[in-house]
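Enquirer: The opening residue of the sequence shown carries number 117 in the working numbering; numbering runs sequentially from there.
For every residue, glycine included, the Cβ atom is placed at its ideal position computed from N, Cα and C.
Computed from a predicted model, the values in this text were never measured in an experiment.
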Amino acid sequence: MVTQSEKRLKILLISTSVGPLGSGIGGGVELTLHNIAKTLTQRNHEIRIVAPGGSVCGSFPVVEISGELQFTAQGEGRDALIALPKNSVLANMWDYARQVQDRYDVLVNFAYDWLPFYLTPFFPCPIAHLVSMGSLTDAMDQIIGQMAAQFPGTIGVHSRTQAETFSFADHCRVIGNGFDLSLYQFCPEPENVLGWVGRIAPEKGLEDAVAVAQETGIPLKIWGILQEVAYWHDICDQFPDAPVSYEGFLPTAELQHALGKCRALLMTPRWVEAFGNVVIESLACGVPVIAYRRGGPAEIIQDGKTGWLVEPDHIAGLVTAIAQLDQIDRHTCRQQVELDYSLEALGDRLEQWFGELLAGRELVIGGRW
Ligand code: UDP
117 MVTQSEKRLK
127 ILLISTSVGP
137 LGSGIGGGVE
147 LTLHNIAKTL
157 TQRNHEIRIV
167 APGGSVCGSF
177 PVVEISGELQ
187 FTAQGEGRDA
197 LIALPKNSVL
207 ANMWDYARQV
217 QDRYDVLVNF
227 AYDWLPFYLT
237 PFFPCPIAHL
247 VSMGSLTDAM
257 DQIIGQMAAQ
267 FPGTIGVHSR
277 TQAETFSFAD
287 HCRVIGNGFD
297 LSLYQFCPEP
307 ENVLGWVGRI
317 APEKGLEDAV
327 AVAQETGIPL
337 KIWGILQEVA
347 YWHDICDQFP
357 DAPVSYEGFL
367 PTAELQHALG
377 KCRALLMTPR
387 WVEAFGNVVI
397 ESLACGVPVI
407 AYRRGGPAEI
417 IQDGKTGWLV
427 EPDHIAGLVT
437 AIAQLDQIDR
447 HTCRQQVELD
457 YSLEALGDRL
467 EQWFGELLAG
477 RELVIGGRW
């Protein structure tokens, strides 16, 4: 008998609409989609990627869709309205999905946008939604919650903490994440430098890491897309003498090489980080992570073993943690991610998710799906 997890599936991966894959604008979603494409392909599933024009996703072909990019959802108030630009790439991608859906067993939505959730009941093909952020607006909470109730098992999240930002946490399935660890080299001997990796935007709290560099005198290297230039200039004005350098946005191969040389990665987000891809990428290089005890990183980092968890928004706590870095064994950092965050571990969780979703669907055939 062929079980659901052994069956070869045809899967359409529908990307975020805020930026082309490879641009960095989509944040962690871009690497997540790439990693999911890799692990599903390795397991002989047939995948196809749909993304905004100009997208590059490793060696995978991409169906490029034209149209205007969606605005990013971070930084909007709770009562932000749903808005779409004219000739919306989001709408165009989902129109493409509508036309080809009968060739697929499941569609996977990577966009944190209202439209794909709203469209779910109108599509005969099942849609799995991988939600990449915690609760941000009432309108998004309402539509995701509605689909969680109407189509049980279709809402995937990256961490339990992320799920708990929603009132429907119990209906969310935690998928975590997984990485091609062969791309990340273990670096046993760091230099006396700290790292910070992320989109340079207010919710990422870069200013706290810069404050630490100023206080300790330890150089801080910063990698990531300059999403909010005015925010970056404010930080530079606030800490003119801090020993920091902006190193640009690097592809994974170069990023991991540079990141591996750091004594630690600082993660200082103001928001509930859904997961924090950079935590795993850092640990994979043997670099401990010092993070605020908030969101996904607090679920991943083993306090005192693979990094330190610090009281949120507490710069003195970050400084104390740096003084205790000698207690962390860099090999333990690498071992932790090999166990839970490999591509294989992610592939297992995805196959279980799709398998249960499709089995559930068979039960409701003649019903909504
Ligand atoms: N990243 C990158 N090059 C850089 C800096 C960052 O490719 O120079 C990628 C990093 O690999 C990660 C993403 O940017 O996948 C940031 O994702 P994360 O989940 O940490 O945060 P998000 O941006 O989704 O809030």
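1) Any heavy atom of the ligand UDP closer than 7 Å to the CB of N208?
2) Just checking F187 against the ligand UDP - is the residue's beta carbon closer than 7 Å to any of the ligand's heavy atoms?
3) Express the C-alpha separation of R276 and E389 in angstroms, rounding to a whole number.
4) Residues bridged to V222 by DSSP?
5) Whole angstroms are fine: how far does the CA of E146 sit from the CA of V313?
6) According to the neighbour-count rule (16 or more other Cβ atoms, all chains shown, within 10 Å of its Cβ), is P168 buried or exposed?
7) Taking DSSP as the reference, what is the three-state secondary structure of V435?
8) By Cβ distance, which residues of its chain are closer than 7 Å to T332, with the 5 residues on each side in sequence left out?
9) Should A329 be labelled buried (16 or more other beta-carbon atoms within 10 Å of its own) or exposed?
10) Determine the contact status of L206 and L231, defining contact as a CB-CB distance below 8 Å.
11) At a threshold of 7 Å, does N393 count as lining the ligand UDP (C-beta to nearest heavy atom)?
12) Please confirm whether any heavy atom of the ligand UDP lies closer than 7 Å to the CB of T368.
13) Considering only DSSP beta bridges, list what E184 is partnered with.
14) Mind checking whether G140 and S248 have CB atoms under 8 Å apart?
15) Assuming P404 and G423 form a contact by the criterion Cβ under 8 Å, report the distance between their Cβ atoms to the nearest whole angstrom.
16) Just to check, is the beta-carbon of V145 closer than 7 Å to a non-hydrogen atom of the ligand UDP?
17) Say the cut is 7 Å; is the CB of W339 nearer than that to a heavy atom of the ligand UDP?
18) Using beta-carbon positions only, say whether V216 and A244 come within less than 8 Å of one another.
19) On a CA-only basis, which of E415, G183, R164 is nearest P177? Give me that one, please.
20) Identify whether Y457 lies in helix, strand or coil by the three-state DSSP scheme.
21) How about the segment 247–267 and the segment 458–472: do they share at least three Cβ pairs that are nearer than 8 Å?
22) Out of L459, I431, D442, point me to the one whose CA is closest to E397's CA.
23) Residues in its own chain within less than 6 Å of G483 by CB, not counting five upstream and five downstream?
24) Per the DSSP calculation, W339 is bridged to which residue(s)?
25) Check the C-beta distance from T157 over to F226 and give it rounded, since I have them as a contact under 8 Å.
26) Use the C-beta contact count for L299: other C-beta atoms within 10 angstroms, 16 or more gives buried, fewer gives exposed.
27) Any chance the CB of V313 is under 7 Å from a heavy atom of the ligand UDP?
28) Thinking C-beta only, is Q190 closer than 8 Å to L252?
29) For F365, verify whether its CB is less than 7 Å away from any heavy atom of the ligand UDP.
30) Can you find a heavy atom of the ligand UDP that lies under 7 Å from the Cβ of G420?
31) Which whole-angstrom value is the C-beta distance of G381 and V394, which I expect to be below 8 Å?
32) Where D254 and F470 are concerned, what is the direct C-alpha to C-alpha distance, given to the nearest angstrom?
33) Note down the Cα distance separating A317 from K123, rounded to an integer number of angstroms.
34) If we call anything under 8 Å between Cβ atoms a contact, is G392 one with P367?
35) Nearest-angstrom Cα distance between V290 and D357?
36) Can you name, in chain order, every residue of its own chain whose Cβ lies under 8 Å from the Cβ of K377, other than the five neighbours on each side?
Expert: This is what the structure gives:
1) Residue 208 sits at position 92 when you count from the first residue of the sequence shown. Answer for N208: no, Cβ out of range of the ligand UDP.
2) On the sequence shown, position 71 is the one that residue 187 refers to. F187: no, Cβ never under 7 Å from the ligand UDP.
3) Within the sequence shown, the letter at position 273 stands for residue 389. Within the sequence shown, the letter at position 160 stands for residue 276. Cα-Cα distance, rounded: 11 Å.
4) Residue mapping note: residue 222 aligns to position 106 of the sequence shown, counting from 1. Paired residue(s): I127.
5) What you label residue 313 is simply residue 197 of the sequence shown in a count that begins at 1. What you label residue 146 is simply residue 30 of the sequence shown in a count that begins at 1. Whole-angstrom Cα-Cα distance: 15 Å.
6) For this step, residue 168 is matched to residue 52 along the sequence shown. It is buried - the Cβ of P168 has at least 16 other Cβ atoms within 10 Å.
7) Residue numbering aside, residue 435 sits at position 319 when the sequence shown is read from its first letter. DSSP places V435 in helix when its eight states are reduced to three.
8) For the purposes of this step, residue 332 is taken as the residue at position 216 of the sequence shown. Here the set comprises V435, I438.
9) Translated into the one-based positions of the sequence shown, residue 329 becomes position 213. It counts as buried.
10) Numbered from 1 along the sequence shown, position 90 holds the residue referred to as residue 206. Numbered from 1 along the sequence shown, position 115 holds the residue referred to as residue 231. Yes, the pair counts as a contact, with Cβ atoms nearer than the cut-off.
11) Here residue 393 is taken as the residue at index 277 of the sequence shown, counted from 1. Yes, the ligand UDP has a heavy atom inside 7 Å of this Cβ.
12) The residue you call residue 368 lines up with position 252 of the sequence shown. Checking every heavy atom of the ligand UDP against the Cβ of T368, one is found closer than 7 Å.
13) As a working mapping, residue 184 is identified with position 68 in the sequence shown. In DSSP, E184 forms a bridge with S204.
14) Start at 1 with the first residue of the sequence shown, and residue 140 comes out as number 24. Start at 1 with the first residue of the sequence shown, and residue 248 comes out as number 132. Not in contact: G140 and S248 (Cβ atoms no closer than 8 Å).
15) Position 288 of the sequence shown, counted from the first residue, corresponds to residue 404. Position 307 of the sequence shown, counted from the first residue, corresponds to residue 423. Between G423 and P404 the Cβ distance is about 4 Å, and since that is below 8 Å, they are a contact.
16) As a working note, residue 145 is residue 29 in the sequence shown. Because some heavy atom of the ligand UDP lies under 7 Å away, the Cβ of V145 counts as near it: yes.
17) Numbered from 1 along the sequence shown, position 223 holds the residue referred to as residue 339. Checking the Cβ of W339 against the ligand UDP gives yes.
18) The count along the sequence shown starts at 1 and reaches residue 216 at position 100. The count along the sequence shown starts at 1 and reaches residue 244 at position 128. No, Cβ-Cβ distance for V216 and A244 is not below 8 Å.
19) Here residue 177 refers to the residue found at position 61 when the sequence shown is read from its first residue. Looking at the Cα atoms, R164 is the closest of the given residues.
20) Within the sequence shown, residue 457 is the residue found at index 341, counting from 1. In the structure shown, the three-state DSSP call for Y457 is coil.
21) no
22) In the sequence shown, the residue the question calls residue 397 occupies position 281. Cα-wise, what sits closest to E397 is L459.
23) The residue you call residue 483 lines up with position 367 of the sequence shown. Caution applies to G483, whose pLDDT of 42 falls short of 50 and renders its modelled position unreliable; the model cannot decide the point.
24) On the sequence shown, position 223 is the one that residue 339 refers to. In DSSP, W339 forms a bridge with V313.
25) By one-based count along the sequence shown, residue 157 stands at place 41. By one-based count along the sequence shown, residue 226 stands at place 110. That belief does not hold up - the Cβ atoms of T157 and F226 are roughly 16 Å apart, past 8 Å.
26) In the sequence shown, the residue the question calls residue 299 occupies position 183. Under this definition L299 is an exposed residue.
27) Within the sequence shown, residue 313 is the residue found at index 197, counting from 1. True, at least one ligand heavy atom lies under 7 Å from that Cβ.
28) Counting from one through the sequence shown, the residue named residue 252 turns up at place 136. Counting from one through the sequence shown, the residue named residue 190 turns up at place 74. Yes, Cβ-Cβ distance for L252 and Q190 is below 8 Å.
29) On the sequence shown, position 249 is the one that residue 365 refers to. Yes.
30) As a position in the sequence shown, residue 420 is number 304, starting the count at 1. Outside the cutoff, so no.
31) Here residue 381 corresponds to residue number 265 of the sequence shown, with the count starting at 1. Here residue 394 corresponds to residue number 278 of the sequence shown, with the count starting at 1. Correcting the residue identity first, residue 381 is Leu in this sequence and not Gly. About 7 Å separates the two Cβ atoms, so the contact holds.
32) The residue labelled residue 254 in the question sits at position 138 within the sequence shown. The residue labelled residue 470 in the question sits at position 354 within the sequence shown. Going by the C-alpha atoms only, they are around 28 Å apart.
33) Translated into the one-based positions of the sequence shown, residue 317 becomes position 201. Translated into the one-based positions of the sequence shown, residue 123 becomes position 7. Cα-Cα distance, rounded: 42 Å.
34) Numbered from 1 along the sequence shown, position 276 holds the residue referred to as residue 392. Numbered from 1 along the sequence shown, position 251 holds the residue referred to as residue 367. No. Outside cutoff.
35) Position 174 of the sequence shown holds residue 290. Position 241 of the sequence shown holds residue 357. So the two alpha carbons sit approximately 42 Å from each other.
36) Along the sequence shown, read from residue 1 onward, the residue named residue 377 stands at position 261. C303, P306, E307, V309.
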